[in-house]
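In this note's numbering, the protein residues as written are 198 to 517. The beta-carbon is built from N, C-alpha and C at its ideal position, and this holds for glycine as well. From a predicted model like this one, the values you see are computed outputs, not experimental measurements. Here is the structure we will look at, set down as structure tokens.
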């Protein structure tokens, strides 16, 4: 009986291991080895009150206002503010050859692939899956090419824009997204989150080692950094987390941030047109550190009315 039971356990373990092997996903070519990542939920952003403020700011900046925006939407065949879902950017370094971009365009790519035909230096090929692989030169005479494709995801319901400065990277990402859903690229954005930014190794920032600026010393104390922006019905929340090499260093950063908040409160000029709103923002920021941990967190919560007032003030100042 014991040997039979042992055999059943072994068979179960082997079967489970095989099943795990069959369901494991391929290496994610977007975020593998990524030094930094940016995740933006465009649809949720423009559906929120914050998006309404951004829309208002766009219309104030555009000369022909609403007509120009509508003409642009008609020309490209989709409205990025409502059609685009999540946009993800990632890179393995901070130089200009690093970025890789993936954007969920929703069920239609509009006229984007058509417009590529009009771009100078345009070239294309058809991949084995039938998707078109495009390449363009951003500036006339440039040898550097941008590669992109807009395949369908594994459900065949959404078009996914993929772009990078390396052909093989785009081909790998096309193969990955055609077998997966965009969610498998990343799970960074949860309910109510609009934006997530992370730097996994702050020491790789350019000129970090040699710079004598005070700001560089602060950054050298940080190992990794993350920032999240979330939205609710009448407020949005900004969360920031920094990890340090040790609890002692984290405590040092906590002391600095606490002091900086106090100095910011003192430095705000009372006669500033948005002084009251700025003071409310600074006062809402809380800096948290737990003894023995190697991370520091800062959080702020701001009302949309406050942000709207600040935006109107800054727009009014630039238009004078």
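- Distance between residue 225 and residue 360, taken at the CA atoms: about 15 Å.
- Under a 10 Å Cβ-count criterion, residue 241 is classified as buried, with 16 or more other Cβ atoms of the shown protein chains found around its own Cβ.
- Scanning its chain for C-beta atoms nearer than 8 Å, with the 5 sequence neighbours on each side dropped, one finds around residue 289 the residues 230, 231, 232 and 295, in chain order.
- Residue 348 counts as buried, since no fewer than 16 other beta carbons sit within 10 angstroms of its beta carbon.
- Annotation: residue 267 to residue 477 spans about 36 Å, alpha carbon to alpha carbon.
- With contacts defined as CB atoms closer than 8 Å, residue 462 and residue 481 fail to qualify as a contacting pair.
- The straight-line gap separating the alpha-carbon atoms of residue 439 and residue 464 is approximately 25 Å.
- Excluding residues up to 5 positions away in sequence, 389 lie with their Cβ nearer than 7 Å to the Cβ of residue 429 in the same chain.
- Shown here for residue 500: same chain residues with a beta carbon closer than 7 Å to its own, the five before and five after excluded, namely 431 and 432 in chain order.
- Following the DSSP letters along the chain, one finds residue 352 in no alpha helix (DSSP H), marked with neither H nor E.
- As a beta-bridge residue in DSSP terms, residue 499 pairs with 433.
- When the Cα atoms are used, residue 401 and residue 291 turn out to be separated by approximately 8 Å.
- For the 8 Å CB-CB criterion, residue 270 and residue 276 form a contact.
- Annotation: the segment 442-495 contains the following complete segments of the beta strand (DSSP E) (minimum length 3 residues), in chain order: 483-485.
- When C-alpha distances from residue 387 are compared across 234, 238 and 227, the shortest belongs to 238.
- Rounded to whole angstroms, the Cβ separation of residue 494 and residue 437 is 7 Å, and the two are in contact under 8 Å.
- Assigned with DSSP and collapsed to three states, residue 342 falls in coil, not helix or strand.
- CA-CA distance, residue 450 to residue 460, rounds to 15 Å.
- Assignment of residue 225 by DSSP, reduced to helix, strand and coil, places it in the coil class.
- Across the set 325, 324, 328 and 320, the C-alpha of 320 shows the shortest separation from the C-alpha of residue 334.
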